[in-house]
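Accompanying notes for the structure given below.
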Amino acid sequence: MSGGGPDRTLVDAGTIEEIALGATVLGTGGGGDPHVGKLVARQAIEEHGPVELLDPADLDDDAFVVPTAQMGAPTVSVEKLPGGDEAVAALERVEAAVGREADATMPIECGGINSTFPFAVAARRGLPVVDADGMGRAFPELHHETFNVYGVDGTPAAVADERGDTCLLETGDNERLEWLARGITVRMGGVAYVSDYPMSGREVRETAIHGTMSLAREIGAAVRAADGDVTGAIREATAGSSYGAAETLFEGKIVDVERRTRRGFVVGHVDVAGLGPDEGRTMTVEFQNENLGARVRDAAGTGPETGTDAVGTDSGAGTDAVGTDPGTGTDADDWEWLATVPDLLTVLDRETGDPIPTERLRYGARVRVLGIPTPEIMRTDAALDVWGPRTFGLDTDFVPVTDPGAGAGPEPGSGPGPGGERA
Amino acid sequence: MNDTPTDRTLRLGIDVGGTNTDAVVLDADDEPLAKTKTPTTEDITTGILNALDDVLEASGTTPGEISYVMLGTTHATNAIAERRGLNEVGVLRIGAPATESIRPLLEWPDDLAAAIGDNWAILDGGHEFDGRELNALDEAQVREHVREFLEAGVDAFAVTSVFSPVREDHEERVAEIVREEARAAGLGDADGDPLPISLSNEIGSVGLLERENATTMNAALTSVAAEAATAFVEAMDERGVEAALYFGQNDGTLMSVDYALEYPIFTVASGPSNSVRGAAYLSDVENGIVVDVGGTTTDVGAVTDGFPRESSVAVEIGEVKTNFRMPDLISIAVGGGSIVRPAGADGGEGVEAAGEDGGAARAAVDDATDDADAAEAADVADELAVPAVAVGPESVGYRLTEEARCFGGETTTATDVEVAAGAVDVGPVVPEIDDATIAGARATIRERVERAVDRMKTSAADVPVVVVGGGSILVPEDLAGASEVYTPDHYEVANAVGVAIAQVSGEVDRIYSLDEQSRDEAMADARRQATENAVAAGADPDTVEVVDVEEVPLSYLPGNAVRIKLKTAGELER
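Residue numbers (this note's numbering), protein chains in the order written: chain F, -14 to 408; chain R, 21 to 594.
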């Protein structure tokens, strides 16, 4: 799949499928359905040819990189499909404002629909895509970016729609960028295309999360090739990356799902009654579009006698609590946080291994809750100020997924898996 | 035709399945008078005639006493699966300059796209989520493409406009233009449509690609539907049945033959809906879980207020994603003909081997829930301390009467296990099967059914479970998660009963802006439209009731957009 030069990595329609699949794992339950983004990229690549994926290390310091993305309501994005020129128009508006042609585009998000969207822009404009992004997962808003965390100005930014209308935004504050762009998006019909955080090559290298497109692709390829053991495949794909190895945090059956709409977001939690190794324990996963945090306690859930669920073991068997505030908000103090944002929490179907988006979580599903540790750049104090658990209303400090490889890790073969070479 | 006194009103329900054609005659109180199970025939009509003759004879009724005939059929499903008899379709999408980045049919398997001619165009027009115009409809452009497609020889048109579930004007106008151009081209006559035109707002809900796919398939199926309808009508004529004829549809309600001719896509998957309805009726359970055990698979569905619960996920037909109405269903590879493999010694090997090919023979409607058979059987065996025994996914299917040991064959099936256990008397032979294998096979089946039942439940509380279908004996009476397990009278023909007692329904699924109207006004509008749809489908206006309402506020949009899904149903006009 590698193209002309030794360092050129080309992304074709098949690779897009893999990236989209991996993006459902990295989307941590949200990020929008990658289906539309995948098809847009697939058609653009069929029409214009494959796209070069560029290692951020290979960017010139003064290269000009302009990210592109779709924003808006998922309901609208599956109905009013993109015309195809919108994000290109947004990118060109930013080029005009800066007075310089882009050398590359890149995603601002590696989970969900926006992981594949920039490949369509790149195919149309003949640009490479930088193998990196600014969220390292999916998050709901435009200021949830390492670019923002580490001081990159989000503007000049442009928002465009399918009519060819564009708006140029200049603000000194990336949260205002989010707020204004969100309003324009509504006027543009609920979905719009944005180009923001124009950066130098050096800024990309210093502030972006590197290698996330390759990671998505490797996860996707591994999941596709996995013969039954999807979790093992994801663990192997992540172990060789800047993320830590994925770990199964919990296995069980969904016994309750609660959702409500707050400030335009879908907020809620899902309760999982333990099965197998987690029998007798209960996990609650909090979500706001994406999964935010997971905590457990050593007591059976509310769900009574269904088949394999053993009832009882009421006594908290005295597991040590991790050194954080005990989870309040729910009844008892015996809850222990296992992982929170920004680390990745993905709920998989226990049998098929398919990632389950938050909107499809429902009672009775047998699931496996997977945690993936994030790279350091996403966990600094500055980063946690932007997307730590407290910014989403969770009453806890950041609780990382423990990387089993770091301890007594029975983690052989942690080198790059079958899809070892870069995508 | 309607001179039969109402007190003599008999209903005939016929279900044409892959293996059997079932029929049942119901009296004026909807009590079964006679029932039959006959083999489905290649030409379908013969099977229908055989079933008809059987039940008429058994019930001692004459064709003249039958006032209503309801047919459930897999005709349309098979046509898509086999790419047979499909129309060439002109696919018109109205939404440019939006939507051009994903062309119509992009995701279709090449042979299916080729089978319908691969004619498509994306034209100016469409609306926004709030009903504003996205772009003006360019009538000259529409005309030009319609002419081009007519010259290319298309048999039908499928028209999909952006946000047509909110505003259908552009689709309606395009349909008028198609009619004008088709007549100008010498097709049809002044009355009625000169050729079939399928409009997406009448077929699917928000989600352009899935709705367009369903609409396109509908347009492709109208000839097949006409063929099925003709076979049905002719079979009835041949026996002198002068009744009103209906087709069962996938939401468990009926549509008139005329409606089925226009919306054949709605007959897809009517079988499972009919069994859910039939089971609910026969058992008087309005809310619960229905387990329909066939020869090869078992369908587990949910009944809510007497109707099948619908799936919330996109449903694939012929490998194409669609979003139209389908019952929420789990198919597991367990049936009366499922092959039982007694495991060797302590279970390991035999079970592994059985699992190897487990993925290949997956049930048709399954969303991949029946896999990992081997591991599962082993798990169950561990837990219950019985030997691991694999059941399915392979089945002898309709060859049960030749291949099963109870019929003198060589293959051990799930039915043989029950015969050996003395639970049921089927066939001339009582096979010898050791107790451990019986216990192991039963444990495997129990675990799989219990798991499927549990997945279909919406809460942890125990619910009533109704077991129907020819293989009902396989399901134990003390299922975990069940408050009670019912096996009602006439369970084996629940499908045919379901289609015979079905009501007619109407539905609406669209986005309302509550800036322009109150919530009550929006609801009233939805109710009025759904009622109109039900009456158009044949319901007696006086009996139409709302049976389902779903209201979903839309995220990332101003607070006032709400999606309302509303369904009404009523008795057939008598």
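The C-beta atom is built at its ideal place from N, Cα and C for all residues, glycine as well.
From a predicted model like this one, the values you see are computed outputs, not experimental measurements.
Anything in chain R within Cβ reach of residue i, meaning under 7 Å, just list it in chain order.
| i | result |
| --- | --- |
| residue 266 of chain F | Here the premise fails: no neighbours, minimum Cβ distance about 16 Å. |
| residue 105 of chain F | 121 |
| residue 147 of chain F | 117 and 118 |
With DSSP as the reference, label residue i as helix, strand or coil.
| i | result |
| --- | --- |
| residue 279 of chain R | helix |
| residue 35 of chain F | coil |
| residue 372 of chain F | helix |
| residue 289 of chain F | Residue placement at residue 289 of chain F cannot be trusted, given a pLDDT of 29 that sits under 50; the coordinates are not used to answer. |
| residue 471 of chain R | helix |
| residue 410 of chain F | With chain F represented from -14 up to 408, any question about residue 410 of chain F goes unanswered, as that position is not in the structure. |
| residue 304 of chain F | Here the model assigns residue 304 of chain F a pLDDT of 34, short of 50, so the residue's position is not dependable, and the following value carries that caveat. If DSSP states are grouped into helix, strand and coil, residue 304 of chain F belongs with coil. |
| residue 543 of chain R | helix |
| residue 322 of chain F | strand |
| residue 559 of chain R | strand |
| residue 426 of chain R | helix |
| residue 28 of chain F | helix |
| residue 227 of chain F | coil |
| residue 182 of chain R | coil |
| residue 350 of chain R | strand |
| residue 225 of chain R | coil |
Out of the options, which has the shortest C-alpha to C-alpha gap to residue i?
| i | options | result |
| --- | --- | --- |
| residue 290 of chain R | R:278, R:269, R:279 and R:177 | R:269 |
| residue 609 of chain R | R:496, R:224 and R:280 | Absent from the model: residue 609 of chain R. The displayed extent of chain R is 21 to 594, so no value can be given. |
| residue 17 of chain F | F:256, F:192, F:341 and F:138 | F:341 |
| residue 154 of chain F | F:170, F:165, F:27 and F:219 | F:165 |
| residue 9 of chain R | R:522, R:258, R:562 and R:434 | Since the first residue shown for chain R is 21 and the last is 594, residue 9 of chain R is missing from the structure and cannot be characterised. |
| residue 414 of chain R | R:502, R:353 and R:446 | R:353 |
| residue 199 of chain F | F:101, F:268 and F:107 | F:101 |
| residue 283 of chain R | R:346, R:425, R:223 and R:52 | R:223 |
| residue 343 of chain F | F:248, F:334 and F:272 | F:272 |
| residue 187 of chain R | R:556, R:528 and R:558 | R:528 |
| residue 357 of chain F | F:239, F:230, F:363 and F:321 | F:230 |
| residue 129 of chain R | R:100, R:505, R:190 and R:149 | R:100 |
| residue 362 of chain F | F:325, F:192 and F:201 | F:192 |
| residue 280 of chain R | R:115, R:141, R:152 and R:253 | R:253 |
| residue 569 of chain R | R:542, R:558, R:559 and R:555 | R:542 |
| residue 116 of chain F | F:158, F:352 and F:37 | F:37 |
| residue 267 of chain R | R:89, R:306, R:135 and R:156 | R:89 |
| residue -3 of chain F | F:11, F:33 and F:373 | F:33 |
| residue 315 of chain R | R:87, R:343, R:327 and R:434 | R:434 |
| residue 407 of chain R | R:456, R:142 and R:193 | R:456 |
| residue 256 of chain F | F:267, F:246, F:248 and F:262 | F:267 |
So, are the CB atoms of residue i and residue j less than 8 Å apart?
| i | j | result |
| --- | --- | --- |
| residue 514 of chain R | residue 298 of chain R | yes |
| residue 241 of chain R | residue 309 of chain R | no |
| residue 67 of chain F | residue 121 of chain R | yes |
| residue 518 of chain R | residue 551 of chain R | no |
| residue 213 of chain F | residue 123 of chain F | no |
| residue 87 of chain F | residue 76 of chain F | yes |
| residue 29 of chain F | residue 19 of chain F | no |
| residue 93 of chain R | residue 178 of chain R | no |
List, in chain order, every chain R residue whose beta-carbon is nearer than 9 Å to that of residue i.
| i | result |
| --- | --- |
| residue 67 of chain F | 118, 119, 120, 121 and 122 |
Residue i touches chain F at which residues, Cβ-Cβ below 8 Å?
| i | result |
| --- | --- |
| residue 329 of chain R | Within 8 Å Cβ-Cβ: nothing; residue 329 of chain R doesn't reach chain F, min ~11 Å. |
| residue 126 of chain R | 24, 27 and 28 |
| residue 476 of chain R | 349 |
Give the residues of chain F in contact with residue i, contact being defined as C-beta atoms less than 7 Å apart.
| i | result |
| --- | --- |
| residue 182 of chain R | 64 and 65 |
| residue 479 of chain R | 348 |
Show which residues of chain F have a CB atom less than 9 Å away from the CB atom of residue i.
| i | result |
| --- | --- |
| residue 154 of chain R | 65, 147, 148 and 174 |
>> Using a Cβ-Cβ cutoff of 7 Å, what residues of the region 338 to 349 of chain R are near chain F? List them in chain order.
In response: none
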